[in-house]
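Protein chains in written order, with our numbering: chain A, -16 to 100; chain B, -16 to 100.
Let me begin by presenting the structure, written as structure tokens, before commenting on it.
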DNA sequence: GCTTTAGTTAGCCGAACGGCTATCTAAATC
DNA sequence: GATTTAGATAGCCGTTCGGCTAACTAAAGC
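As structure tokens, then:
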């Protein structure tokens, strides 16, 4: 069976965002691009460990990077966050649509009640 | 070092949302509460496996449940999704604030250029 | 050109994840 | 009261995750 590519994208984006180190990187990149070394400094962690986080963010499409000499410069790719927003908005529409139908039902019951009384 | 409780909440919420089965449960619960058995049916999976997903959703605060006889009825707790929205909004503010400062800088450079020429 | 620096690659380790079966409890039903 | 049903609990298993060290490459800097 084929899995929708959207599902995989949401999987990897949500998984990437579930780690505080990676969310901190995103917050930092929101203020402008930065080298891997610079990004790594606040995090008490060996560089190879930190690189795995950067790779996870890139694979999820949240971050992109280019090579500038021996320096890898990372930039935020905010469109990936928009994918999450879209999913949440869809859920809210489901939830709110349900509430609308519930209140319509309540009104109908109320007016039925009037008819009966 | 103490970790902010907020970070842990975001950790578990994002982790819970990174699985397609669990996102499907959330979408289903958006249309109204349901028993575990009902929720499990569309997912080709043994019940104990499915129960772990429900537990993950509950621990993240996305779902709540009550016991009705031998039936466990689950409801969506959408406030937890709002926590995610808030985080994304904060990131957007960072990103957009940066863009504002960039364009202000660009304007300043442009007018400096005029003065020089 | 030697040294430092930034990053990469490989591989190890323990914990957590996501599935399973087997078994048990307790409510509902006949 | 015997049987079915909904869920809970325990424990197994392979994979992924998040950390590490060691060793390598290649660009910069002196």
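Ideal placement from N, C-alpha and C gives every residue a C-beta, glycine not left out.
Fair warning: this is a prediction, and the values are worked out from it, not measured in the lab.
Task: is_contact[residue 84 of chain A, chain B] using C-beta, thresh 7 Å - done: no
Task: Residue(s) in a DSSP beta bridge with residue 18 of chain A - done: Its beta-bridge partners are A/56.
Open item on the list: Am I right that residue 46 of chain A and residue -4 of chain A are in contact with their C-beta atoms under 8 Å? What's the rounded C-beta distance?
Closed with: In fact, because the Cβ distance is near 11 Å, the residues do not count as touching under 8 Å.
Open item on the list: Is residue 74 of chain B close to chain A? Criterion is C-beta to C-beta, closer than 7 Å.
Closed with: yes
Open item on the list: Looking only at its chain, what residues have a beta carbon closer than 8 Å to the beta carbon of residue 4 of chain A, apart from the 5 residues adjacent to it on each side?
Closed with: The answer, listed in chain order, is 26, 28, 33, 36.
- [ ] Specify whether the segment 71 to 78 of chain A and the segment 45 to 62 of chain A touch according to this definition: at least 3 beta carbon pairs, one from each stretch, less than 8 Å apart.
- [x] These segments do not touch.
- [ ] Check whether the Cβ atoms of residue 14 of chain A and residue 81 of chain B lie closer than 7 Å to each other.
- [x] For residue 14 of chain A and residue 81 of chain B, yes; Cβs fall inside 7 Å.
Open item on the list: What does the alpha-carbon distance come out to for the pair residue -14 of chain B and residue 2 of chain A?
Closed with: For residue -14 of chain B, the pLDDT reaches just 41, beneath the cut-off of 50, and the residue's location in the model is therefore unreliable, although a value from the coordinates is still provided. Whole-angstrom Cα-Cα distance: 13 Å.
Task: residue 1 of chain B - DSSP class collapsed to helix/strand/coil - done: Coil at residue 1 of chain B, not helix or strand.
TODO: Work out the CA separation of residue 6 of chain A and residue 76 of chain B for me, nearest whole Å.
DONE: Distance between the alpha carbons of residue 76 of chain B and residue 6 of chain A is about 15 Å.
TODO: Would you grab the beta carbon distance between residue 8 of chain B and residue 22 of chain B for me? Rounded to a whole angstrom, and I think it's under 8 Å.
DONE: Right, the Cβ-Cβ distance comes to about 6 Å (below 8 Å), so this counts as a contact.
- [ ] Identify the continuous beta strand (DSSP E) that holds residue 51 of chain B and give its terminal residues.
- [x] 46 to 51
Open item on the list: Less than 7 Å between the beta carbons of residue 59 of chain B and residue 12 of chain B, yes or no?
Closed with: yes
- [ ] Assign residue 87 of chain B to buried or exposed, taking buried as 16 or more other Cβ atoms, counted over all protein chains shown, within 10 Å of its Cβ.
- [x] exposed
Task: Run of the alpha helix (DSSP H) containing residue 36 of chain B, from where it starts to where it stops - done: First-last of the alpha helix (DSSP H) with residue 36 of chain B: 30 to 42.
Task: residue 44 of chain A vs residue 17 of chain A beta-carbon contact at 7 Å - done: For residue 44 of chain A and residue 17 of chain A, no; Cβs fall outside 7 Å.
Open item on the list: Using the three-state DSSP reduction, which class does residue 24 of chain B fall into: helix, strand or coil?
Closed with: Of the three classes helix, strand and coil, the one that applies to residue 24 of chain B here is coil, per DSSP.
Task: Residue-level contact to chain B via CB, residue 0 of chain A, 7 Å cutoff - done: yes
TODO: Starting from the beta carbon of residue -3 of chain A, find every residue of chain B whose beta carbon is closer than 7 Å, and list them in chain order.
DONE: -3, 0, 1
TODO: Report the neighbours of residue 67 of chain A on chain B: residues whose CB is nearer than 8 Å to its CB, in chain order.
DONE: 67, 71
Open item on the list: Can you pull the chain B neighbours of residue 81 of chain A, defined as C-beta to C-beta under 8 Å?
Closed with: 13, 14, 15
- [ ] Look at the alpha carbon of residue 42 of chain B and the alpha carbon of residue 10 of chain A, and state the distance between them as a whole number of angstroms.
- [x] 26 Å
Task: Inter-residue Cα distance where the pair is residue -9 of chain A and residue 40 of chain A - done: When rounded, the separation of the alpha-carbon atoms in residue -9 of chain A and residue 40 of chain A is 14 Å.
Open item on the list: For a test of the three-state rule: what should DSSP assign to residue -11 of chain A, helix, strand or coil?
Closed with: Caution is warranted here: a pLDDT of 49 is assigned to residue -11 of chain A, below 50, making its placement in the model unreliable, and the coordinate value is therefore given only provisionally. Of the three classes helix, strand and coil, the one that applies to residue -11 of chain A here is helix, per DSSP.
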